[in-house]
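A.B. asks: In our numbering, the protein residues as written are 1166 to 1212.
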Amino acid sequence: MIVGLGTDIIEIERFAQTLERSGEAFLQHVFTAAEIAGAPAGSRQRC
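Given below as structure tokens:
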């Protein structure tokens, strides 16, 4: 297992499009359960 810390630079529009296509499966692949739970309410709708 690789453990590291870093910052990914992404295009917001591309992220929003991927989220729109893949939904919850994408979120679960990219973020931990704690990160998803800690996101502000309604933040997914703003993408």
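Think of the CB as a built atom: it goes at the ideal place given N, C-alpha and C, for glycine as much as any other residue.
1. Going by DSSP in three states, F1180 sits in which element: helix, strand or coil?
2. Within the same chain, show all residues whose beta-carbon is closer than 8 Å to that of T1183, passing over the 5 residues directly before and after it, in chain order.
3. Helix, strand or coil, according to DSSP, for I1174 in the structure here?
C.D. replies: Here's the rundown:
1. helix
2. F1191
3. coil
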